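For the sequence shown, the tail end lands on 633 under my numbering, and the numbers increase by one without skipping.
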Amino acid sequence: MSVLQAIKSQNQARELEDRRLQLRRRNLLVLILRHLCDQGYVQALEKLCTEANLSLAKVDAADNIDLLTIMQEYEDFYEFKFGRRPKLVRSVGAEEVMAPSVKTVLGQRNASESSTRPPGKPVSGAMAARERREKAAAGQLDRKSEAAARRKAAMDSVKLPPEVGAQRVAGVTVSSEGRAAACHDAMSVSGRPLSSTTASTAGVPDGQDGAEQAGLLHGRLLKPLPDLGSSELRELGAAIMRDIIQQSPAVRWQDVAGLQEAKRLLQEAVVLPLKYPQLFTGILAPWKGVLLYGPPGTGKTLLARAVASECQTTFFNISASTIVSKYRGDSEKLVRVLFDLARYHEPSTIFLDECDAVMGARGEGGEHEASRRMKTELLTQMDGLQQSGARIFVLAATNLPWQLDAALLRRLEKRIFVPLPECTARQQMLEVLLGARCQPAISLADLAEGTAGFSGCDVACLAKEAAMRPLRRLMAQLEVVPPSSTAEPSVDQISQTDLQAALEATKPTAHVHKSKYEQFTSQYGQPGA
Numbered sequence: 105m106s107v108l109q110a111i112k113s114q115n116q117a118r119e120l121e122d123r124r125l126q127l128r129r130r131n132l133l134v135l136i137l138r139h140l141c142d143q144g145y146v147q148a149l150e151k152l153c154t155e156a157n158l159s160l161a162k163v164d165a166a167d168n169i170d171l172l173t174i175m176q177e178y179e180d181f182y183e184f185k186f187g188r189r190p191k192l193v194r195s196v197g198a199e200e201v202m203a204p205s206v207k208t209v210l211g212q213r214n215a216s217e218s219s220t221r222p223p224g225k226p227v228s229g230a231m232a233a234r235e236r237r238e239k240a241a242a243g244q245l246d247r248k249s250e251a252a253a254r255r256k257a258a259m260d261s262v263k264l265p266p267e268v269g270a271q272r273v274a275g276v277t278v279s280s281e282g283r284a285a286a287c288h289d290a291m292s293v294s295g296r297p298l299s300s301t302t303a304s305t306a307g308v309p310d311g312q313d314g315a316e317q318a319g320l321l322h323g324r325l326l327k328p329l330p331d332l333g334s335s336e337l338r339e340l341g342a343a344i345m346r347d348i349i350q351q352s353p354a355v356r357w358q359d360v361a362g363l364q365e366a367k368r369l370l371q372e373a374v375v376l377p378l379k380y381p382q383l384f385t386g387i388l389a390p391w392k393g394v395l396l397y398g399p400p401g402t403g404k405t406l407l408a409r410a411v412a413s414e415c416q417t418t419f420f421n422i423s424a425s426t427i428v429s430k431y432r433g434d435s436e437k438l439v440r441v442l443f444d445l446a447r448y449h450e451p452s453t454i455f456l457d458e459c460d461a462v463m464g465a466r467g468e469g470g471e472h473e474a475s476r477r478m479k480t481e482l483l484t485q486m487d488g489l490q491q492s493g494a495r496i497f498v499l500a501a502t503n504l505p506w507q508l509d510a511a512l513l514r515r516l517e518k519r520i521f522v523p524l525p526e527c528t529a530r531q532q533m534l535e536v537l538l539g540a541r542c543q544p545a546i547s548l549a550d551l552a553e554g555t556a557g558f559s560g561c562d563v564a565c566l567a568k569e570a571a572m573r574p575l576r577r578l579m580a581q582l583e584v585v586p587p588s589s590t591a592e593p594s595v596d597q598i599s600q601t602d603l604q605a606a607l608e609a610t611k612p613t614a615h616v617h618k619s620k621y622e623q624f625t626s627q628y629g630q631p632g633a
């Protein structure tokens, strides 16, 4: 058990550090936005707000915090510690004058952060020079640490002359006698003081302050569009970037009634591999593709929303309009750019809703050549996911699984049948939707037994119809009440008569193709309830 606890603690610490790094990057962008706004760089401000999905209307720099102040404090601290001013910029060498455009360099620099570099131009001379400088800096790391230790020992032993007077270090004015202590106490990591009393709590979450800062940052922090090789592909990439879910749908696993097997498999495919990557290696590598199929209104899209809310991945919500183009050759280009962007933003989840619209069985009469090329490109890209180590998960949903291409079924390793909700799940939905509106003596269990064959959407329609009946009675009373009446209108609670009338008025819509679903599940799938 101690080994499992150690693994869990290590992963919790890693997740905490990842959240801190993400928060630090967002804070930096917010400070840059405030600096651009204060200095009047309006166009750069608008462009950065669009690319980073941030806005000063939602989150702004704290009081007395700006980039100029932070830079001044850093320069003062650096000069106090090393006895010289820091060098923040450098002159561009002759070999870098003929470097490619800024967009190309930025695209290659950002792409190098991921495990797989998107296809583009070769690394330029400027990039090679930067890599050489990084290697040289890494080689000097040990020497710098030793020199820093010697400087610290010398600083503690040498008494500074009195004429130097007080100096400003990290926003605190100290005298010459207390500089060394103030220098040590003023150092901080991620806003937390670095001292002997707080070093032991470095792995503890920041608590209310950290939660408050995290709550200030709305939406997902987007990376800039990478270099895709040409302006045409860049335009296609910008169109696909609009389908990234930036705001959380706020759907949790517990919000989905039933479907325990489906939720377990989705957690195995997306959630758990990110939490415990050391356990999902080799033959235990996570699933690359999952197909959700079943009657309409049973919760397939709701499960996808739960994945987008619970999983810390970049979620691409793809429909037929995203990857189908009327121009020749653009559909397969869109598919390729989609997977390139998924690799660039990994870990990523690609959700193909109503995938039968774009991935029907090939070879049928009347199929256009462009449709076959697009399907072939999609199958090729999905096959590449299984052969590479890219952390990309494909989630597909359909109501007609028997119309899908056989090659797509092979690449979607898990095929989960999302059935109609059972009586217990229907009762849970009715209690959530109508529990506070019904009369105390009403039993929703009896109503749930009478809704056999209803899908989740049918149950929601039934609940809405039952809630509308007291409102209709109130509206009828408001039409005949004199204007001088002082009685406050109120909606009555739902009665048993209202429930029975709503049940008679609502009919199930998901009873078709029952035998086909059973046959497909016996041949290719597995139950998800």
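Each residue gets a CB set at the ideal place from its N, CA and C atoms; glycine is no exception. Small disclaimer: the values here were computed from a predicted structure and weren't measured.
Original post:
Buried or exposed: where does Lys618 fall if 16 or more other Cβ atoms within 10 Å of its Cβ makes it buried?
Top reply: Your numbering for residue 618 matches position 514 in the sequence shown. Around the beta carbon of Lys618, fewer than 16 other beta carbons lie within 10 angstroms, which makes this residue exposed.
Subject >> Beta-carbon separation (whole angstroms), Glu458 vs Thr502, contact threshold 8 angstroms >> reply: By 1-based counting over the sequence shown, the position of residue 458 is 354. By 1-based counting over the sequence shown, the position of residue 502 is 398. Under the criterion of beta carbons closer than 8 angstroms, Glu458 and Thr502 qualify as touching, at roughly 6 angstroms.
**OP:** State the Cα-Cα distance for the pair Val163 and Leu127, rounded to the nearest angstrom.
**Re:** Taking the first residue of the sequence shown as 1, we reach residue 163 at position 59. Taking the first residue of the sequence shown as 1, we reach residue 127 at position 23. Cα to Cα, the separation comes out at about 13 angstroms.
Original post:
Taking the beta strand (DSSP E) that Leu456 falls in, what are its first and last residues?
Top reply: Taking the sequence shown and counting its residues from 1, the one referred to as residue 456 is at position 352. First-last of the beta strand (DSSP E) with Leu456: Ser452 to Asp457.
Subject >> Host beta strand (DSSP E) of Tyr182 (start-end) >> reply: Taking the first residue of the sequence shown as 1, we reach residue 182 at position 78. First-last for Tyr182: Leu171 to Phe186, but that is the alpha helix (DSSP H), not the beta strand (DSSP E).
Subject >> Separation of Phe384 from Gln635, as counted between CA atoms >> reply: Since the displayed the chain opens at 105 and closes at 633, residue 635 lies outside it and no answer follows.
Subject >> Leu456 versus Glu155 - alpha carbon distance >> reply: Working through the sequence shown from its first residue, we reach residue 456 at position 352. Working through the sequence shown from its first residue, we reach residue 155 at position 51. Whole-angstrom Cα-Cα distance: 24 angstroms.
Original post:
Taking C-beta to C-beta, are Asp562 and Thr601 nearer than 8 angstroms?
Top reply: In the sequence shown, residue 562 corresponds to position 458, counting from 1. In the sequence shown, residue 601 corresponds to position 497, counting from 1. Going by C-beta atoms, Asp562 is not nearer than 8 angstroms to Thr601.
Original post:
What's the call for Ser261, buried or exposed, on a 16-neighbour Cβ count within 10 Å?
Top reply: Taking the first residue of the sequence shown as 1, we reach residue 261 at position 157. Residue confidence for Ser261 is low, a pLDDT of 45 falling below 50, so the modelled location carries little weight; the figure read from the coordinates is stated next. That one is exposed.
Original post:
At which residues does the beta strand (DSSP E) containing Lys518 begin and terminate?
Top reply: Looking up residue 518 in the sequence shown gives position 414. For Lys518, the enclosing beta strand (DSSP E) begins and ends at Lys518 to Phe521.
Original post:
Roughly how many angstroms separate the alpha carbons of Arg338 and Ala446, rounded to a whole number?
Top reply: The count along the sequence shown starts at 1 and reaches residue 338 at position 234. The count along the sequence shown starts at 1 and reaches residue 446 at position 342. Spanning the two alpha carbons is a distance of roughly 14 angstroms.
Original post:
Quick one, are the C-beta atoms of Trp391 and Lys191 less than 8 angstroms apart?
Top reply: The count along the sequence shown starts at 1 and reaches residue 391 at position 287. The count along the sequence shown starts at 1 and reaches residue 191 at position 87. Result no, Cβ atoms of Trp391 and Lys191 do not sit closer than 8 angstroms.
Original post:
What does Leu396 pair with, by DSSP beta-bridge criteria?
Top reply: Against the sequence shown, residue 396 aligns to sequence position 292. Answer is Ala501 and Ile520, bridged to Leu396.
Original post:
In terms of alpha-carbon separation, which member of Gly557, Asn157, Gly398 and Asp434 lies closest to Tyr621?
Top reply: By one-based count along the sequence shown, residue 621 stands at place 517. Of the candidates Gly557, Asn157, Gly398 and Asp434, the one whose C-alpha sits nearest the C-alpha of Tyr621 is Gly398.
**OP:** May I ask you to verify whether the region 344–360 touches the region 160–178, counting CB pairs closer than 8 angstroms and requiring at least 3?
**Re:** Contact between the region 344–360 and the region 160–178 is not established, with fewer than three Cβ pairs separated by less than 8 angstroms.
Subject >> For Gln630: DSSP bridge partner residues >> reply: Taking the first residue of the sequence shown as 1, we reach residue 630 at position 526. According to DSSP, which records beta bridges pairwise, Gln630 is partnered with Ile520.
Subject >> C-beta contact flag for Glu481 and Glu436 at 8 angstroms >> reply: Reading the sequence shown from its first residue, position 377 is the one you call residue 481. Reading the sequence shown from its first residue, position 332 is the one you call residue 436. Yes; because the gap between Cβ atoms is below 8 angstroms, this pair is in contact.
Original post:
Would you say the region 133–145 touches the region 110–125, given that touching needs at least three Cβ pairs under 8 angstroms?
Top reply: Contact between the region 133–145 and the region 110–125 is absent, because fewer than three Cβ pairs lie under 8 angstroms.
Original post:
Which value, in whole angstroms, describes the spacing of the CA atoms of Gln364 and Lys404?
Top reply: Locating residue 364 in the sequence shown gives position 260, where the first residue counts as 1. Locating residue 404 in the sequence shown gives position 300, where the first residue counts as 1. For the pair Gln364 and Lys404, the Cα-to-Cα distance works out to about 13 angstroms.
Original post:
Glu450: which of Gln147, Thr555 and Ala494 sits nearest, CA to CA?
Top reply: The residue given as residue 450 occupies position 346 in the sequence shown. Ranked by Cα distance from Glu450, the options Gln147, Thr555 and Ala494 are led by Ala494.
Original post:
In terms of residues, what are the limits of the alpha helix (DSSP H) holding Thr417?
Top reply: As a position in the sequence shown, residue 417 is number 313, starting the count at 1. Note, Thr417: premise wrong, no alpha helix (DSSP H); not H, not E.
Subject >> Ser546 - DSSP class collapsed to helix/strand/coil >> reply: Numbered from 1 along the sequence shown, position 442 holds the residue referred to as residue 546. Per the sequence shown, residue 546 should be read as Ile rather than Ser. Coil.
**OP:** Using the Cα positions of Gln543 and Val584, report the straight-line distance between them to the nearest angstrom.
**Re:** As a working mapping, residue 543 is identified with position 439 in the sequence shown. As a working mapping, residue 584 is identified with position 480 in the sequence shown. Each residue's Cα considered, the two are about 26 angstroms apart.
Original post:
Contact between the region 418–425 and the region 518–534: three or more CB pairs below 8 angstroms?
Top reply: Cβ pair count under 8 angstroms is below three, so no.
**OP:** Tell me whether Gly539 sits in a helix, a strand or coil according to DSSP, three-state version.
**Re:** Locating residue 539 in the sequence shown gives position 435, counting from the first residue. Coil at Gly539, not helix or strand.
Original post:
What separation, rounded to the nearest whole angstrom, lies between the Cα atoms of Ser567 and Leu603?
Top reply: As a position in the sequence shown, residue 567 is number 463, starting the count at 1. As a position in the sequence shown, residue 603 is number 499, starting the count at 1. The sequence given here places Ala at residue 567; Ser does not occur at that position. Per the coordinates, the alpha-carbon of Ala567 lies some 8 angstroms from the alpha-carbon of Leu603.
Original post:
Quick one: any contact between the region 344–355 and the region 407–417, if contact means 3 or more CB pairs under 8 angstroms?
Top reply: In short, these stretches touch, since the Cβ pair count reaches three.
Original post:
What does a CB cutoff of less than 6 angstroms around Arg81 pick up in its chain, not counting 5 residues either side in sequence?
Top reply: Because the chain spans 105 through 633 in this model, residue 81 falls outside it and cannot be assessed.
Subject >> In chain order, each beta strand (DSSP E) run of at least 3 residues that lies wholly inside the region 595–623 >> reply: With a minimum length of 3 residues, there is no unbroken run of beta strand (DSSP E) contained wholly in the region 595–623.
**OP:** State buried or exposed for Ser631, treating a residue as buried only when at least 16 other CB atoms are found within 10 Å of its CB.
**Re:** Within the sequence shown, numbered from 1, the residue matching residue 631 stands at position 527. Correcting the residue identity first, residue 631 is Pro in this sequence and not Ser. Its Cβ having fewer than 16 others within 10 Å, Pro631 is exposed.
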